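Below: the structure, in structure tokens.
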Amino acid sequence: MSSFESAKVFLVQVTSLGRDALHIYVGLAVMLLVVIAFKRSLADWRPLAAVALASIAGELWDVIDTFSHGGRPKWDSNWKDIWNTMFWPTVLFGLARFTKVLKR
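Counting in the working numbering, the sequence shown runs from 6 upward without gaps.
This is the structure in structure tokens:
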């Protein structure tokens, strides 16, 4: 098991959350950290791009890790993870950019 996989297992055990839920939290955390750290708006494309990059990088790491242990990737599972990570940040981006819901 790689250190990345070990870290994910540790997070699942410590938080008592499922992996799908953790993907949702990670996506929101990455987006909000970029918004706060770089003083960007939720309507800016860059926080959403950061979530996409983090999500794709994590799934690529999973695929490489799977291959390195002689396994075959479960592509549907990888896409589901990207979907789970991207869904709510995309909703927040859309609401901030195209509606007045998140305006003061």
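Every residue, glycine too, gets a C-beta built ideally from N, C-alpha and C.
Only a predicted model underlies this, so the values are computations on that prediction, with no experimental measurement involved.
TODO: Using three-state DSSP, classify D49 as helix, strand or coil.
DONE: coil
Task: Simplified DSSP assignment, three categories, for T104 - done: coil
TODO: Could you say if the stretch 44 to 61 and the stretch 76 to 85 meet the contact criterion of at least three C-beta pairs nearer than 8 Å?
DONE: no
TODO: Classify F15 as helix, strand or coil using the three-state DSSP reduction.
DONE: helix
TODO: Please state whether DSSP places H28 in a helix, a strand or coil.
DONE: helix
TODO: Please say whether P94 and V56 have beta carbons closer to each other than 8 Å?
DONE: yes
- [ ] Flag this pair as yes or no: are the beta carbons of A59 and V35 separated by less than 8 Å?
- [x] yes
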